[in-house]
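Undergrad:
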Amino acid sequence: MQLRMLKGKIHRARVTGADLNYEGSIEIDSSLMDAAGILPFEKVDIWSITTGDRFSTYALPAEKRSGIIALNGAAARKVQPGDEIIITAFVSINEKEAEHWNPKIVFVDEKNRFKPLTHVPKAIANRRRLAP
Numbered sequence: 012m013q014l015r016m017l018k019g020k021i022h023r024a025r026v027t028g029a030d031l032n033y034e035g036s037i038e039i040d041s042s043l044m045d046a047a048g049i050l051p052f053e054k055v056d057i058w059s060i061t062t063g064d065r066f067s068t069y070a071l072p073a074e075k076r077s078g079i080i081a082l083n084g085a086a087a088r089k090v091q092p093g094d095e096i097i098i099t100a101f102v103s104i105n106e107k108e109a110e111h112w113n114p115k116i117v118f119v120d121e122k123n124r125f126k127p128l129t130h131v132p133k134a135i136a137n138r139r140r141l142a143p
């Protein structure tokens, strides 16, 4: 049996641009994509903390360490610059792999720079306790 598991997440990113006239996609600072394990052209789900909307598009790399998080095409109607979003990617893996699976989770500040963790998020801490 295959399970859909969180592969990577960029938590509380700020939208820096929204261009309705571009073909589509979300441009993501490539250093954040790399850290979250998100590949160019990979399907990503976007969850807006600001509006509660949820939608999907595909990822394109933006300049490394630029802080760019820009929605394009139809997705640009769902957000405004300054909105907070969560960017996620999922993977299908078998049950055996899922037993020890750990997603790549990236926390960012208000300028979409890496944010040092001051605590271990509860879900990760619980997962570590449950691991054999």
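Just remember that this note's numbering sits 11 ahead of the position in the sequence shown, which is counted from 1.
C-beta: ideal position from N, C-alpha, C; glycine also.
Owing to the predicted nature of the structure, the values given are computational and were not obtained by experimental measurement.
Taking the alpha-carbon positions, what's the isoleucine 98 to alanine 109 distance?
TA: So the alpha carbons of these two residues sit roughly 21 Å apart.
Undergrad: Kindly indicate which residue of Ile96, Glu74 and Lys54 has the alpha-carbon position closest to the one of glutamate 121.
TA: That would be Ile96, whose Cα lies nearest to the Cα of glutamate 121.
Undergrad: Taking DSSP as the reference, what is the three-state secondary structure of serine 36?
TA: In this structure, serine 36 counts as strand in the three-state DSSP scheme.
Undergrad: Which residue's Cα is closest to the Cα of isoleucine 55: Thr27, Gly48, Tyr69 and Ser103?
TA: Note on identity: in this sequence residue 55 is valine, with isoleucine being the wrong assignment. Measuring from the Cα of valine 55, the nearest candidate turns out to be Tyr69.
Undergrad: Give the straight-line distance between the Cα atoms of isoleucine 39 and arginine 25, rounded to the nearest whole angstrom.
TA: Cα to Cα, the separation comes out at about 11 Å.
Undergrad: By the three-class DSSP mapping on this structure, what secondary structure does alanine 142 have?
TA: Unreliable placement is indicated for alanine 142, whose pLDDT of 49 sits below 50; the coordinate value is still reported in the next sentence. It is coil, neither helix nor strand.
Undergrad: For the beta strand (DSSP E) holding glutamate 95, just list the boundary residues, first then last.
TA: Its beta strand (DSSP E) spans residues 95 to 105.
Undergrad: Can you tell which of Ile21, Asp30, Ala47 and Asp94 has the C-alpha that lies nearest to the C-alpha of alanine 86?
TA: For the residues Ile21, Asp30, Ala47 and Asp94, the minimum Cα distance to alanine 86 belongs to Asp30.
Undergrad: Find the nearest neighbour of asparagine 123 within the set Gln13, Glu106 and Arg23, judged by alpha-carbon distance.
TA: Out of Gln13, Glu106 and Arg23, Arg23 has the C-alpha closest to the C-alpha of asparagine 123.
Undergrad: Which whole-angstrom value describes the C-beta separation of lysine 115 and glycine 48, a residue pair presumed to lie in contact below a C-beta threshold of 8 Å?
TA: The pair is a contact, with the Cβ atoms about 4 Å apart (cut-off 8 Å).
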